[in-house]
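Using UniProt numbering, count along the sequence shown one by one with no gaps and you end on 374.
Where is the CB? At the ideal position from N, CA and C, for every residue including glycine.
Quantities reported herein were computed from a predicted structural model and do not represent experimental measurements.
Down below is the structure, laid out as structure tokens.
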Amino acid sequence: MGCGPSSLAVVELNRTLKAGDGSHMLQDKLQSSPWLLSAATPVLSGTADTPLHTACERKQLEVVQQMLSFLSSATLPVVREALGPYCSRKGRALPISVCEGVSIAVDMVNCKGQTPLMCACAADSPELVKLLLVQGADPWVGDRCGSRTALHYAAMSGSTACIEALMQNIPVRNMARHGIRYINVRSICGLTALHYAVFFDHPSAVEELLSHDPHLNAATISHSYDVLVTCDALSTPMHFAAVRGNAEVVRMMLRQYAQSSSSTANSRSREPRLRVNHGGQLPWQIAATYHPANRDLVALLHPGAPLEQVLGLEGVGERGAGAAYPPASCDARRPGDHCGGGAADPAAERPAAAQEVPGRRGARRGRPEGVGQV
């Protein structure tokens with residue numbers, strides 16, 4: 001079975017964009033065939049990306065600017081023709097204004113539910129992030145691979161610049177929804193951006209996230225299916241850091257806790273080292289199981305050591321784990337085994353309701369799983 005002329009035109013346009021030659025001929029193609037803007041590549045050849053997705057994946061700022069400029073300056077009939085293929089695929093009504101058309105375009109999703117904003121974050125392009133947000137892109141949209149948002153993609157890719165661009169350019173009215181701040185938005189199994197940045201070993205991204213006062217004790221609600229390691233339910237970012245053996249990240253989070261707990265507003269937040277997962281394990285126990293030779297890590301996480309002592313701080317007070325805390329025990333469980341028993345302390349902020357069916361396991365380290373060629 002061969003491809004029709006329209007399919008060939010879409011494939012050719014995407015091939016040109018991937019080669020970096022799109023800016024010279026894009027305007028002419030869109031003027032003669034506006035529908036190309038939202039036409040998707042054949043799903044069997046990729047993720048059914050639109051040209052806008054492809055341009056964001058390739059960090060082609062000029063091309064994206066041309067596409068959005070074409071839409072915003074076009075008449076309503078042309079905008080409707082340009083978005084016809086996408087609206088038809090998604091079963092949604094055509095835009096009733098040019099402004100609505102631009103809003104639809106910047107939030108178009110491919111077959112994995114990924115938006116151009118997610119692609120820009122995965123590609124480490126803060127300029128595109130700013131442009132898309134200015135044009136009305138919704139940063140709260142979740143993908144079909146776990147309801148992960150653009151912030152999750154920025155954290156997975158370690159893009160400190162994109163995290164900063166998101167947090168500085170999202171309108172104030174959109175910084176919280178349903179009582180949850182954007183910095184604490186969860187995936188379908190309860191993972192925050194901080195979980196992802198910690199797991200993928202991106203200290204600079206962790207530092208940027210911490211500057212926005214995230215919930216340090218956010219706990220997963222199920223096993224983390226989209227990362228390589230098996231973490232028990234109710235795992236916090238500190239549990240993830242213990243699994244990864246990253247003492248630097250542990251120290252960063254403990255220092256953040258020490259600073260925030262000195263304020264009245266956060267004085268009742270539980271010490272991150274004292275949170276247990278669904279199996280009843282403290283981060284210290286996990287660190288001792290996975291990385292027994294990493295004495296620095298184990299010492300940092302041991303609940304019997306005062307926080308000010310392990311951090312070398314003065315004047316923190318007695319808010320850390322006190323010396324009276326009973327010694328924890330750690331059995332010889334193998335990494336990845338499920339641990340039974342133990343009471344769990346639920347997270348203070350619950351994840352938003354899940355909308356999609358979880359995807360498959362197995363994100364490659366350093367790159368978000370399910371992002372085509374991003």
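Between which two residues does the alpha helix (DSSP H) holding P77 run? Your numbering for residue 77 matches position 77 in the sequence shown. Here the alpha helix (DSSP H) through P77 covers L76 to K90.
At 4 residues or longer, and completely inside the stretch 109 to 147: list those alpha helix (DSSP H) runs for me, N to C. The qualifying runs are 116 to 122 and 126 to 134.
Measure the C-alpha to C-alpha separation of H202 and H223 and round it to an integer number of angstroms. The count along the sequence shown starts at 1 and reaches residue 202 at position 202. The count along the sequence shown starts at 1 and reaches residue 223 at position 223. The straight-line gap from Cα to Cα measures roughly 21 Å.
Thinking C-alpha only, which one of N110, H212 and F200 is nearest Y182? Here the question's residue 182 lines up with position 182 in the sequence shown. Comparing Cα-Cα distances from Y182 to each of N110, H212 and F200, the minimum goes to H212.
Looking at the structure shown, is I163 part of a helix, part of a strand, or coil, going by DSSP? Position 163 of the sequence shown holds residue 163. In the structure shown, I163 sits in a helix (DSSP, three-state: H, G or I).
Can you grab the Cα-Cα spacing for the pair R58 / L17, in whole Å? Taking the first residue of the sequence shown as position 1, residue 58 is located at position 58. Taking the first residue of the sequence shown as position 1, residue 17 is located at position 17. Distance between the alpha carbons of R58 and L17 is about 8 Å.
Counted within 10 angstroms of its Cβ, other Cβ atoms place A40 as buried (16 or more) or exposed: Position 40 of the sequence shown, counting from 1, holds the residue named residue 40. It is buried - the Cβ of A40 has at least 16 other Cβ atoms within 10 Å.
With the cut-off set at 8 Å, would you say H215 and N277 are in Cβ contact? Counted from its first residue, the sequence shown places residue 215 at position 215. Counted from its first residue, the sequence shown places residue 277 at position 277. Cβ distance not < 8 Å, so H215 and N277 don't count as in contact.
According to DSSP, residues forming a beta bridge with A176: Start at 1 with the first residue of the sequence shown, and residue 176 comes out as number 176. Bridge partners of A176: R181.
To the nearest angstrom, how far is it from the Cα of A48 to the Cα of R15? Start at 1 with the first residue of the sequence shown, and residue 48 comes out as number 48. Start at 1 with the first residue of the sequence shown, and residue 15 comes out as number 15. In a straight line, the C-alpha of A48 is about 13 Å away from that of R15.
Along the chain, where does the alpha helix (DSSP H) that runs through W284 open and close? Working through the sequence shown from its first residue, we reach residue 284 at position 284. Residues P283 to Y290.
Whole angstroms are fine: how far does the CA of A233 sit from the CA of A105? Here residue 105 refers to the residue found at position 105 of the sequence shown. Here residue 233 refers to the residue found at position 233 of the sequence shown. Whole-angstrom Cα-Cα distance: 37 Å.
Just the C-alpha distance for I286 and C231, rounded to the nearest angstrom, thanks. As a first step, residue 286 must be located in the sequence shown, where it is residue number 286. As a first step, residue 231 must be located in the sequence shown, where it is residue number 231. Spanning the two alpha carbons is a distance of roughly 10 Å.
Please say whether V79 and residue 386 have beta carbons closer to each other than 8 Å? The shown model of the chain, from 1 to 374, leaves out residue 386, and the question about it has no answer.
Quick check on T50: does DSSP put it in helix, strand or coil? Along the sequence shown, one-based indexing puts residue 50 at 50. Here DSSP, grouped into helix, strand and coil, assigns T50 to coil.
For A93 and C111, I'd like the C-alpha separation in whole angstroms. Along the sequence shown, read from residue 1 onward, the residue named residue 93 stands at position 93. Along the sequence shown, read from residue 1 onward, the residue named residue 111 stands at position 111. Each residue's alpha carbon lies about 19 Å from the other.
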